[in-house]
Each structure stands twice: as structure tokens, then as C-alpha cells.
Amino acid sequence: MGNSHLKKFQYKGVIHIHSLNSDGSGDIDIITRAAKKANLSWIIITDHNYFDLREGVYNGVYVLKGEEISPKNENHYIALGITNQIEPDENPQKYIDEVRKQEGVGFAAHPDEYAKRNNSYPPITWNKLFIPDGVEIWNWFSCWGDRLNSKNIFTLAFSYFFKNVLVSKAPQESIKWWDELNLQKQSIVPAIGGVDAHAFKIRKYIIPVTVFPYKEMFNTINNVISLNAPLSEDFKTAKEQILNAIKNGNNVVINSTVSRAIPDIEITNSLKTAHSGEILNLDKKTYLNVEVNKKAVIKIILNGRELYECFAKKCSLLLTELGKYRVEILINNKGFAYSNPIIVM
Ligand SMILES: [Zn+2]
Ligand SMILES: [Zn+2]
Numbered sequence: 403m404g405n406s407h408l409k410k411f412q413y414k415g416v417i418h419i420h421s422l423n424s425d426g427s428g429d430i431d432i433i434t435r436a437a438k439k440a441n442l443s444w445i446i447i448t449d450h451n452y453f454d455l456r457e458g459v460y461n462g463v464y465v466l467k468g469e470e471i472s473p474k475n476e477n478h479y480i481a482l483g484i485t486n487q488i489e490p491d492e493n494p495q496k497y498i499d500e501v502r503k504q505e506g507v508g509f510a511a512h513p514d515e516y517a518k519r520n521n522s523y524p525p526i527t528w529n530k531l532f533i534p535d536g537v538e539i540w541n542w543f544s545c546w547g548d549r550l551n552s553k554n555i556f557t558l559a560f561s562y563f564f565k566n567v568l569v570s571k572a573p574q575e576s577i578k579w580w581d582e583l584n585l586q587k588q589s590i591v592p593a594i595g596g597v598d599a600h601a602f603k604i605r606k607y608i609i610p611v612t613v614f615p616y617k618e619m620f621n622t623i624n625n626v627i628s629l630n631a632p633l634s635e636d637f638k639t640a641k642e643q644i645l646n647a648i649k650n651g652n653n654v655v656i657n658s659t660v661s662r663a664i665p666d667i668e669i670t671n672s673l674k675t676a677h678s679g680e681i682l683n684l685d686k687k688t689y690l691n692v693e694v695n696k697k698a699v700i701k702i703i704l705n706g707r708e709l710y711e712c713f714a715k716k717c718s719l720l721l722t723e724l725g726k727y728r729v730e731i732l733i734n735n736k737g738f739a740y741s742n743p744i745i746v747m
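So for the sequence shown, the working numbering puts the first residue at 403; every next one is plus one.
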């Protein structure tokens, strides 16, 4: 795939990782070696209430730091592009504002953890009275935690070994909320997908669930950013390219357990082509085009409502309405790709 006429440079990366500096299980060397093996170009490590990591290129992978601002029981906030550590607070508005003041961007983390879990891990949700800059629409570990059943050794073993079956789609509640936020705002409310690599400890049984290997986690939910130029070899410039792409929604959330290929999602008019997070004008030849490497259910969503659905490798739809368009792709009934909106005006 990867049409050269698009003149876009695409890079796969992972957001929302914990290291030994909070409740992760690896140091930067272990983490970046795993990232390299998973073919990632960049990663963002987001430890809880910690911001002392040294950024740079490790084992050929660009390593950026963010902070998961984490009050005890709710409202975790993934702060990216900030300059100083931000303290958690009972009132999330305080750190939402502080992230903006530092010209960063924040994402409500795992906003819809399931309240009635079949295990002893309390869900950490987001209070939706508070409006974040962006939304983590899919969090791998959190979705697994929602379905983890530790009632007995059989259900626990099932939960562990069949996690790719259990975690099948981005939570509908989060997608719905993200659509609503986009309806309320003129510009794009960006979305990310996170893996949330924690060290999850279950001591009661002999199942080896103390550590999730980073490499396995890195092959789950990825973000593919699209850039107008190749990632710079200069770290500072590359960092800016990655952060700007995420801030603007120039990324597609991909579930790599379903397919390792990158889908093409674009809107073209007679003059130009727009990708996730971009804007273009409606004319009489405005088409939304999607191409996937295998047959998939392709859904086109306009302003939060489904406009069109097809089952194909390729689809093209003539657009006649203004608004925010986004695409969801399902393969074998599993969530494969979620684009950020493209604005047609
Ligand atoms: Zn969290
Ligand atoms: Zn986390």
C-alpha cells in the first residue's frame, strides 16, 4: 500500500507507556528494544505524575516523554508537549488549564472503564463535566482490565490468553463522547489510542500475569502519524513534528493485532487531498476514499452519525455535505482503524 502520490510520510508509534519510573516493569533500554522489534519509529512514555525522563533517540527509536497526570481515583490525563511536571489535583480543570498554559495537549485517559468489573481493580473513569483537549478513544490495557475475570483460575487463564479476542473494539461510549465534543467545537478534538503498559500483578494464582511483555503490547494499539516531510534526524525537530501531528489529529488509531498494514483514508477535491486532522473545501468533485489491504467493513461518519457503510477493500463516496468526516474500519468484526476527523467546509 502506501500510495506515493499522497506525498505523506507515515510513522507508526505508541502512546501511553509506563516505565519503572511509575508502575511499568521496564527501563528505557528494555522498552526501546521492544519498540524497535515492533517496528515503531517513535514512542511516548507517560509515567504517573513523573516528568524526569531524558528524551532522545534510543535503539533507533525516538523517545518522547509525557505525563499521565493521575489523581487517585479518577480523571487521568495524558499530557503531551508540556515543559514542566504538573501536579494532580482534585479539580481536573486545574491541570487541563495548566497543560494549555504550557502549550501542550491533554487527552482524557481511559475515560469509560467499566464500573462492574469481574475483578478487584477499581475502574478509573473521566468526569465528563470537564472538557479535555482530546480523548484517548481506545486503551488496550484498560479494555482488557474491563473484561478480566479473576473469579477462578479458568476464567483468569481465559482472560489472559485470549486478550486479543476480548479486546475487540474501541468502547462505544468513548467514541460517542468524542463525537459529541467534536460537534461542540469548530476545530478538531483529536483522538489517540493508548496501550497503557502497566505491570499488572495477580498473585493469587500461578498464571504468569505479573508482567506484560512490552513487545506484545507494542503490537496492539498504534498511532500512525502522517507528516508532510520525513521525520527529521535532529531529535528536537522530530519531536516537534510528532507532537504537532498528534495535536492536530494527523494520526489514525490502528489495531495491529488485526492487520499490520496501514489503510489509506483521504478526502480529495479538484484541487487537493486532505488526511486525518486536515481541512478542505467542498466542491463538485469532493470524494472520501478509503483503501484497505483486505475486505473490511468501512464506515463513514459525518458529524457523529453514520453516513455510509460498505464491505470492500476499497470505497469512494461523493460528498455533498459540509462537516466533520471520520472513518472506522472493522475487519472480522474487530476494530481495525479509527481516523481523526477531516473537516469539509
Ligand atoms: Zn491511567
Ligand atoms: Zn496509564
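All C-beta atoms, glycine included, are put in the ideal place defined by N, C-alpha and C.
Reduced DSSP secondary structure (H/G/I, E/B, other) of residue i
| i | result |
| --- | --- |
| T434 | helix |
| T612 | Only weak support is given to the placement of T612: the predicted model assigns it a pLDDT of 46, under 50, and the value that follows is read from those uncertain coordinates. It is coil, neither helix nor strand. |
| D581 | helix |
| F411 | strand |
| N646 | helix |
| G462 | coil |
| I590 | coil |
| G536 | strand |
| V501 | helix |
| R549 | helix |
| H418 | strand |
| S661 | coil |
| Y479 | strand |
| T675 | strand |
Classification of residue i by the beta-carbon crowding that lies within 10 angstroms, buried from 16 upward
| i | result |
| --- | --- |
| G595 | buried |
| E758 | Within the shown structure, residues of the chain are numbered from 403 to 747, placing residue 758 beyond reach of any answer. |
| R728 | buried |
| T434 | buried |
| F564 | exposed |
| S427 | buried |
| A714 | exposed |
| P615 | exposed |
| G506 | buried |
| I555 | exposed |
| A631 | exposed |
Between the CA atoms of residue j and residue i - distance to the nearest angstrom
| i | j | result |
| --- | --- | --- |
| V597 | D636 | 27 Å |
| K696 | I733 | 8 Å |
| F543 | K686 | 44 Å |
| P490 | A481 | 11 Å |
| G508 | I648 | 10 Å |
| P610 | M619 | Because P610 sits at a pLDDT of 49, beneath the cut-off of 50, its placement in the model cannot be relied upon, and the point is left open. |
| T670 | S718 | 10 Å |
| K539 | D581 | At residue 539 the sequence reads Ile, which differs from the Lys that was named. Cα-Cα distance, rounded: 10 Å. |
| A676 | E668 | 6 Å |
| I755 | Y479 | In the structure displayed, the chain extends from 403 to 747; residue 755 sits before or after that span and is not available. |
| H512 | G679 | 22 Å |
| L704 | V692 | 15 Å |
| S561 | N621 | 18 Å |
| K474 | D449 | 14 Å |
| D431 | S421 | 10 Å |
| D666 | T688 | 16 Å |
| N405 | L690 | The predicted position of N405 is uncertain, since its pLDDT is 42 and thus under 50; a value taken from the coordinates is nonetheless stated next. Approximately 15 Å between the Cα atoms of the pair. |
| K439 | D429 | 16 Å |
| I702 | C712 | 9 Å |
Within 9 Å, strictly: CB atoms of residue i and residue j
| i | j | result |
| --- | --- | --- |
| P524 | C545 | no |
| I623 | S658 | yes |
| Q487 | N451 | yes |
| K726 | N625 | no |
| Y460 | L633 | no |
| L721 | M747 | no |
| G547 | E515 | yes |
| L682 | I745 | yes |
| I592 | N529 | Residue identity check: residue 592 is Pro in the sequence provided, not Ile. It is not a contact, given that the beta carbons lie outside the stated cut-off. |
| L466 | L684 | no |
| A510 | N477 | yes |
| G468 | I484 | yes |
Contact test: residue i Cβ vs ligand 3 heavy atom, cutoff 8 Å
| i | result |
| --- | --- |
| E470 | Of the ligands this structure carries, namely ligand 1 and ligand 2, none is ligand 3. |
> For the 8 Å Cβ check, are there 3 or more pairs between the segment 430-445 and the segment 411-421?
Replying inline: Because the criterion of three Cβ pairs below 8 Å is met, the segment 430-445 and the segment 411-421 touch.
>> Assess contact between the segment 736-747 and the segment 641-655, defined as three or more Cβ pairs (one per stretch) separated by less than 8 Å. Is contact present?
In response: Inter-segment contact for the segment 736-747 and the segment 641-655 is present: three or more beta-carbon pairs are separated by less than 8 Å.
>> With three or more C-beta pairs closer than 8 Å as the rule, is the segment 487-502 touching the segment 530-539?
In response: Two segments are said to touch when three or more pairs of C-beta atoms, one from each, lie closer than 8 Å; by this definition the segment 530-539 touches the segment 487-502.
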